[in-house]
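Q: Encoded as structure tokens, here's the structure I'll be asking about.
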Amino acid sequence: MADHAGSVPRRPLSLPMRLWGRACARLHHFHWVDESLARSAQSYFGHTGLLLDLHGFRALLNLRGDNSGSPWYEAEKAACLARGAPLIDVTLSSRRLPHRAALLAVTAAFATAPRPLLMKCSGGADRTGFAAGLYLVGRDGLAGLPAARRQLSAWPYLHLPQQHQKWMRPFFDYLEEGLRAGAGERTLDAWLAEDYDPGRFADWLTARGLAGGWKPPADLPDPGA
Numbered sequence: 047m048a049d050h051a052g053s054v055p056r057r058p059l060s061l062p063m064r065l066w067g068r069a070c071a072r073l074h075h076f077h078w079v080d081e082s083l084a085r086s087a088q089s090y091f092g093h094t095g096l097l098l099d100l101h102g103f104r105a106l107l108n109l110r111g112d113n114s115g116s117p118w119y120e121a122e123k124a125a126c127l128a129r130g131a132p133l134i135d136v137t138l139s140s141r142r143l144p145h146r147a148a149l150l151a152v153t154a155a156f157a158t159a160p161r162p163l164l165m166k167c168s169g170g171a172d173r174t175g176f177a178a179g180l181y182l183v184g185r186d187g188l189a190g191l192p193a194a195r196r197q198l199s200a201w202p203y204l205h206l207p208q209q210h211q212k213w214m215r216p217f218f219d220y221l222e223e224g225l226r227a228g229a230g231e232r233t234l235d236a237w238l239a240e241d242y243d244p245g246r247f248a249d250w251l252t253a254r255g256l257a258g259g260w261k262p263p264a265d266l267p268d269p270g271a
């Protein structure tokens, strides 16, 4: 997980720029998760800074990981540096089962990043929805599961899972089983740190007829290969 911070304060937006910013937010699939966290798609054409300024975001969580050298990433990094907003890079895949370290990096970002926080992936429908679900369960425990599952819905988030993205919704069923196991309710971070393993999650999915709905992490064998 990388964190790039700058030191220059941002300027208030004029009314025309606020209106343009709201239009860009719609185009970039922008939604609030709660009053301190929002989700969106990847922004292009210099719009990252505009979105950060629109709501005074103090940090950006990039779920596409460090893509140094890519034009979109360099523009995003520059926009954050110019505003003194940390850019937090975590690599998640919507098709490959996540490693424990990646999930703990996401929850650590939620715990430590300045607020309000904007998180984004590519389309703003899959990885951001999954991460938003983690945030809600981390915040509310089992009581947050219904809202977490709604973050991965067709409307208004346009989560329409393709073949290898069909593990994301069931993950929260698997998580619920884990949180309920043993005496008393466990925290999300405790379950991730102590019990979560992508191999065991793969076995759980396979036992429920979802063997073709995911890819393993890059360093694990692919059962469908």
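Those letters in the sequence shown? Residues 47 to 271, by our numbering. Every residue gets a Cβ at the ideal spot worked out from N, C-alpha and C, and that includes glycine.
Pairs of beta-carbons, one from the region 90 to 98 and one from the region 124 to 137, closer than 8 Å: are there three or more?
A: Counting Cβ pairs under 8 Å, three or more are found: they touch.
Q: What three-state label does DSSP hand T137 in the structure shown?
A: T137 falls in the strand class under three-state DSSP.
Q: Is it a yes or a no for the region 192 to 212 touching the region 166 to 174, going by three-plus beta-carbon pairs under 8 Å?
A: Output reads yes: the region 166 to 174 touches the region 192 to 212.
Q: So the candidates are P162, L238, T137 and G102; which of them puts its Cα closest to the Cα of V79?
A: When only C-alpha atoms are compared, the closest one is P162.
Q: Ordered along the chain, which non-local residues of its own chain (more than five positions away) have a Cβ less than 8 Å from that of M47?
A: Low local confidence applies: a pLDDT of 48 at M47 is under 50, so the model's placement there is unreliable, with the coordinate-based value given in what follows. These residues qualify, in order along the chain: I134, D135, V136, A151, A154 and A155.
Q: Tell me, which residues are paired with D80 by DSSP?
A: L83, per the DSSP bridge assignment.
Q: Under DSSP, the beta strand (DSSP E) around A105 begins and ends at which residues?
A: A105 -> beta strand (DSSP E) spans A105 to N108.
Q: What three-state label does DSSP hand K261 in the structure shown?
A: Here K261 sits in strand by DSSP.
Q: For M165, list the residues DSSP reports as bridge partners.
A: Looking at the DSSP assignment, M165 forms a beta bridge with R85 and L107.
Q: Are the beta-carbon atoms of H77 and R85 separated by less than 9 Å?
A: Yes, the Cβ-Cβ distance between H77 and R85 is below 9 Å.
Q: Give every residue of the same chain whose Cβ lies closer than 7 Å to the Cβ of V183, excluding the five residues on either side of it in the sequence, and list them in chain order.
A: Answer for V183: G190, L191, A194, L221 and L234, listed in chain order.
Q: Report the option in G179, D243, A257 and A264 whose CA atom is closest to the CA atom of W213.
A: If we check each option's Cα against that of W213, A257 comes out closest.
Q: Taking buried to mean at least 16 other C-beta atoms within 10 Å of its own C-beta, is R129 buried or exposed?
A: Buried, by the Cβ-count rule.
Q: Spatial neighbours of R254 within its chain, please: CB distance less than 6 Å, with the 5 preceding and 5 following residues excluded, ordered by chain position.
A: None.
Q: Beta carbon of L109, beta carbon of A131: below 9 Å?
A: Not closer than 9 Å, so no.
Q: Determine the direct distance from the alpha carbon of R104 to that of P160, and round the result to whole angstroms.
A: Each residue's Cα considered, the two are about 6 Å apart.
Q: Quick one: Cα of A71 to Cα of R142, how far?
A: The pLDDT assigned to A71 is 48, lower than 50, so where the model puts this residue is not dependable; a value taken from the coordinates is nonetheless given after this. Cα to Cα, A71 sits roughly 28 Å from R142.
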